[in-house]
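Engineer: Residue 16 is where the sequence shown starts when you use the numbering used here, and the numbers rise one by one after that.
The beta carbon of each residue, even a glycine, is placed where N, CA and C say it ideally should be.
Computed from a predicted structure; not experimentally measured.
I'd like to ask you about the structure that follows.
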Amino acid sequence: MIHRPAFVALTILLSTTALAAENQVIRLWPNGAPGPEPKLEAERDLTKDTENKVAGKRLIRLGNVTDPTITLYPAPKDKAHGGAVLVCPGGGYHILALDLEGTEVCERLNEMGFTAVLLKYRVPRRAGIEKHAAPLQDAQRAMGLVRQNASKWNIDPERIGILGFSAGGHLAAITSAGPQERTYEKVDDADAITAKPNFTVLIYPGYLINDKDTTQLAPEFTITKDTLQTFIAMTADDSVKAENALVYAAALQREKVPYELHIYPTGGHGYGLRKTADPVTTWPDRLQDWFQSRSLNKKK
16 MIHRPAFVAL TILLSTTALA AENQVIRLWP NGAPGPEPKL EAERDLTKDT
66 ENKVAGKRLI RLGNVTDPTI TLYPAPKDKA HGGAVLVCPG GGYHILALDL
116 EGTEVCERLN EMGFTAVLLK YRVPRRAGIE KHAAPLQDAQ RAMGLVRQNA
166 SKWNIDPERI GILGFSAGGH LAAITSAGPQ ERTYEKVDDA DAITAKPNFT
216 VLIYPGYLIN DKDTTQLAPE FTITKDTLQT FIAMTADDSV KAENALVYAA
266 ALQREKVPYE LHIYPTGGHG YGLRKTADPV TTWPDRLQDW FQSRSLNKKK
């Protein structure tokens, strides 16, 4: 008889192996991630039986990530138009909601004709550094690798976006509107390529506002006229505060940066794109409309 923790770990291992057989998995750091690494337990699903399901379905809460990767989900040939999206799951910088805000999203983006790239970044937060410091290194490295392989992966290098949920939304935003220089020592030629995406998608983003003054952006953001075209969706009753979306959108408005903002009345937080009775779960349809309006999903 296999005990449950061992069974869950085995299930994840088998699922990952099956995934690797279909989707290319690439280690971000061939010689190990930069900086000292904390001593953690093995990478595994930390979801407990007592934790809430989303739309009646369990989700994977992946923890203890020390060897970050990207997983390539190529767009189907009959739908591919050359666009690509780097997907950043959320989880408070403690865990990664790997399926809810990761694999399921990549599959939906494939349906829209985008090549999706799932970022498995380092969690939990590293002691003694900013919560997003290690994940930002991972995101910058990932963007460089995607651009470096654009031709090989049939991607238009001018249509590579980033999409994030919750803490992953913060990561997507800071990759777009944070420091543009690399925050680590160059590893190879991929780090000589710009890490700035061409568009940004923020779904119930967190940590965008100042802790002491929620009418202001967090200090790590610099919004200018060169900030990326952005799509934002959130709910008014979100536990992490709708001000995250509103204040960020207001900053874009001041600089005349193209954006689209959807604030739904109810729906809370952490729904991914799983359908529920709440209208907020129609946000992927609105995103597809936005892609169309911005010519991000047209073949060239």
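Take Gln231 and list the residues in its own chain whose beta-carbon comes closer than 6 Å to its own, dropping the five residues that flank it on each side.
Structural biologist: Counting only Cβ-Cβ distances below 6 Å, and skipping sequence neighbours, we find Asn225.
Engineer: Could you check whether Ala142 and Ala90 sit closer than 9 Å to each other, using their CB atoms as the reference points?
Structural biologist: No, these two residues do not count as a Cβ contact at 9 Å.
Engineer: Find out if the Cβ-Cβ distance for the pair Gly98, Ile170 is shorter than 9 Å.
Structural biologist: Taking 9 Å as the Cβ cut-off, Gly98 and Ile170 qualify as a contacting pair.
Engineer: Let's test the definition: count the other Cβ atoms within 10 Å of the Cβ of Glu66 and tell me whether it reaches 16, buried, or not, exposed.
Structural biologist: By the neighbour-count rule (16 or more Cβ atoms within 10 Å), Glu66 is not buried but exposed.
Engineer: Determine the DSSP secondary structure at Glu258, reduced to helix, strand or coil.
Structural biologist: The answer is helix: DSSP assigns Glu258 an H, G or I state.
Engineer: Less than 9 Å between the C-beta atoms of Thr215 and Lys135, yes or no?
Structural biologist: Not a contact, by the Cβ cut-off of 9 Å.
Engineer: Under a three-way DSSP split, which group does Ala36 fall into?
Structural biologist: In this predicted model, Ala36 has a pLDDT of only 46, less than 50, meaning its place in the structure is not dependable; the value taken from the coordinates is given anyway. Helix, per DSSP.
Engineer: Counting only the same chain and skipping the five closest in sequence on each side, list residues whose C-beta sits under 8 Å from that of Ala36.
Structural biologist: Reliability of the predicted coordinates at Ala36 is poor, the pLDDT of 46 falling under 50, and the value obtained from them is presented with this limitation in mind. Answer for Ala36: no residue qualifies.
Engineer: Could you spell out the range, first to last residue, of the alpha helix (DSSP H) harbouring Ala157?
Structural biologist: 148–163 is the extent of the alpha helix (DSSP H) around Ala157.
Engineer: Identify whether Tyr263 lies in helix, strand or coil by the three-state DSSP scheme.
Structural biologist: It is helical.
Engineer: Relative to the C-alpha of Ala48, which residue among Asp300, Ala157, Lys72, Leu243 is closest?
Structural biologist: Here the closest residue by C-alpha is Ala157.
Engineer: Which residues mark the beginning and the end of the alpha helix (DSSP H) in which Gly179 is found?
Structural biologist: From DSSP, Gly179 is part of no alpha helix (DSSP H) but of the beta strand (DSSP E) over 175–180.
Engineer: Round the Cβ separation of Leu74 and Asp114 to the nearest angstrom and send it over; I've been treating them as touching at under 8 Å.
Structural biologist: That belief holds up - the Cβ atoms of Leu74 and Asp114 are roughly 6 Å apart, short of 8 Å.
Engineer: For His277, which residues does DSSP report across the bridge?
Structural biologist: According to DSSP, which records beta bridges pairwise, His277 is partnered with Ala248.
Engineer: Assuming the contact rule is C-beta atoms closer than 8 Å, His277 and Tyr222 should be a hit. Round their C-beta distance to whole Å, please.
Structural biologist: Not confirmed; about 20 Å, so no contact.
Engineer: Here's a check: name, in chain order, each residue in its chain whose Cβ is nearer than 6 Å to the Cβ of Arg19, leaving out the five neighbours to either side.
Structural biologist: Note that Arg19 scores a pLDDT of 47, beneath 50, so its modelled location is shaky; the value from the coordinates is reported in the next line. Nothing listed; no residue qualifies.
Engineer: Restricting to Cα atoms, I'd like to know which of Pro53, Ile189, Ala260 is closest to Ala154.
Structural biologist: Closest option to Ala154, Cα to Cα, is Ile189.
Engineer: Using 8 Å for Cβ pairs, my map puts Ala251 next to Pro280. What's the rounded Cβ distance?
Structural biologist: Yes, they are in contact, since the Cβ atoms of Ala251 and Pro280 sit about 5 Å apart, within 8 Å.
Engineer: Can you check which of these residues, Lys201, Val138, Pro294, is closest to Gly78 by C-alpha distance?
Structural biologist: Out of Lys201, Val138, Pro294, Val138 has the C-alpha closest to the C-alpha of Gly78.
Engineer: Between Glu173, Pro150, Pro273, Val295, which lies nearest to Gly282 when the distance is taken from Cα to Cα?
Structural biologist: Nearest of Glu173, Pro150, Pro273, Val295 to Gly282, Cα basis: Val295.
Engineer: Exposed or buried, Lys54, counting other C-beta atoms within 10 Å across all chains shown (16 or more means buried)?
Structural biologist: The residue in question, Lys54, is exposed, as its Cβ has fewer than 16 Cβ neighbours within 10 Å.
Engineer: Out of curiosity, what's the CA-to-CA distance linking Asp300 and Pro51?
Structural biologist: About 42 Å.
Engineer: Which residues bound the alpha helix (DSSP H) around Arg301?
Structural biologist: Its alpha helix (DSSP H) spans residues 298–308.
Engineer: Quick check: the Cα distance between Tyr286 and Val69, rounded to an integer number of angstroms?
Structural biologist: Straight-line Cα distance between these residues: approximately 6 Å.
Engineer: Over the uninterrupted alpha helix (DSSP H) stretch that includes Arg123, give me the two end residues.
Structural biologist: Run containing Arg123: 119–126, per the alpha helix (DSSP H) assignment.
Engineer: I'd like to know whether the C-beta atoms of Leu243 and Gly193 end up nearer to each other than 9 Å.
Structural biologist: For Leu243 and Gly193, no; Cβs fall outside 9 Å.
Engineer: Leaving out five residues before and five after Pro83 in sequence, what residues of the same chain have Cβ atoms less than 6 Å from its Cβ?
Structural biologist: Answer for Pro83: Leu43, Lys135, Tyr136, Arg137, Asp153, listed in chain order.
Engineer: For Asn164 and Pro45, I'd like the C-alpha separation in whole angstroms.
Structural biologist: Distance between the alpha carbons of Asn164 and Pro45 is about 16 Å.
Engineer: Assign Arg59 to one of three DSSP states: helix, strand, or coil.
Structural biologist: Three-state result, Arg59: strand.
Engineer: Go to Tyr108, then tell me how far its beta strand (DSSP E) extends in each direction, as first and last residue.
Structural biologist: Where Tyr108 is concerned, there is no enclosing beta strand (DSSP E), given that its DSSP letter is neither H nor E.
Engineer: Between the alpha carbons of Leu101 and Gly179, how many angstroms are there, rounded?
Structural biologist: Spanning the two alpha carbons is a distance of roughly 8 Å.
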